[in-house]
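Have a look at the structure below, then the notes.
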Amino acid sequence: MKRILLLLALFILLGGNPATAGSGYEYQLYKNSEDFGIVVFPKEKIFGDLNEYIESIIFKKVESGKAVMRSGSKGENETFMMPLETQKKHAIEKFLVIQVLSQYEVMIGVYDPEWGLTLPSAIFGMEEVKKNIPKTLDVFRGDNPRKEILWRGSSQSTAENPVYF
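Heads up: the sequence shown is residues 172 to 336, going by my numbering.
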């Protein structure tokens, strides 16, 4: 018990925060007009194709900072993401968490207050990311009347190429 109190006191004196202790990760938060977010960490590993894709589906960079370890709304699972204060500041309830493993390889988690935090263990390449992010955002929307469809490419829309955001 004394050892735990000593470690805790030392940790507090050094200005540490248990949620960020030793992480060294920075996150990048993107947000769209529907108040959905995409949190990517580590920020320094974000590769051009991933950033370009996120921006192409009308997400804008809104904030970055020190990633914190958080669990889902039901106390399940844990991963690094934006601090809760940042989430509240930007009024984001539903978001994706993308962990960049290497260039063109990521793991993706899904946060929804109703479902909690889902962290599949699969590793995805950019093609899977491009297929699955729009589907996940569509699930977030549900019957939301603000649901919008953009067509990728020219101003001519085709049924084969919708992009949901």
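The beta-carbon is built from N, C-alpha and C at its ideal position, and this holds for glycine as well.
Residue i - DSSP class collapsed to helix/strand/coil
i, result
"lysine 245", "coil"
"isoleucine 304", "helix"
"alanine 192", "Confidence at alanine 192 is low in this model, with a pLDDT of 46, below 50, so the placement of that residue is unreliable and no value is reported for it."
First and last residue of the uninterrupted alpha helix (DSSP H) at residue i
i, result
"isoleucine 225", "219–227"
Enclosing beta strand (DSSP E) for residue i [first to last residue]
i, result
"glutamate 285", "Run containing glutamate 285: none; DSSP gives neither H nor E here."
"glutamine 258", "It is not in any beta strand (DSSP E) - glutamine 258 instead sits in the alpha helix (DSSP H) that spans 255–260."
"serine 292", "Neither: serine 292 is in no beta strand (DSSP E) and is coded neither H nor E."
"lysine 232", "231–237"
"serine 273", "265–273"
"lysine 202", "197–202"
"glycine 208", "207–212"
Rounded distance between the beta-carbons of residue j and residue i, thought under 8 Å
i, j, result
"methionine 253", "valine 210", "5 Å"
"glycine 296", "tyrosine 275", "6 Å"
"phenylalanine 311", "lysine 259", "Not a contact, Cβ separation roughly 18 Å."
Among the options, the one whose alpha carbon lies nearest that of residue i
i, options, result
"proline 284", "Glu226, Ile269, Gly195 and Phe207", "Phe207"
"phenylalanine 251", "Gly236, Ser204 and Ile228", "Gly236"
"valine 300", "Tyr196, Gly246, Ser227 and Arg241", "Ser227"
"serine 204", "Asn222, Val233, Glu223 and Glu197", "Val233"
"lysine 245", "Glu256, Leu288 and Gly195", "Leu288"
"alanine 238", "Tyr224, Asn222, Phe230 and Thr257", "Thr257"
"isoleucine 294", "Tyr224, Gly195, Asp314 and Leu272", "Leu272"
"tyrosine 224", "Asp314, Ala262, Tyr196 and Asn303", "Asn303"
"histidine 261", "Ser292, Glu197, Tyr201 and Gly195", "Tyr201"
Short CB-CB distance (under 8 Å) between residue i and chain B
i, result
"methionine 278", "Any reference to chain B falls outside this structure, which holds one protein chain only."
Cβ neighbours of residue i in the same chain (closer than 6 Å, five flanking residues each side left out)
i, result
"isoleucine 269", "Val211, Val277 and Ile279"
Beta-carbon proximity list for residue i, same chain, < 8 Å, skipping 5 on both sides
i, result
"asparagine 248", "Ser242, Gly280, Gly287, Leu288, Thr289 and Leu290"
"phenylalanine 197", "Checking the sequence shown, residue 197 turns out to be glutamate, not phenylalanine. Cβ within range, chain order: Phe212, Pro213, Lys214, Glu215, Ser235, Gly236, Lys237 and Ala238."
Spatial neighbours of residue i in its chain, beta-carbon cut-off 7 Å, leaving aside the 5 residues before and after
i, result
"glutamine 199", "Val211, Lys214, Ile217, Lys232 and Ser235"
"threonine 307", "Leu267 and Val281"
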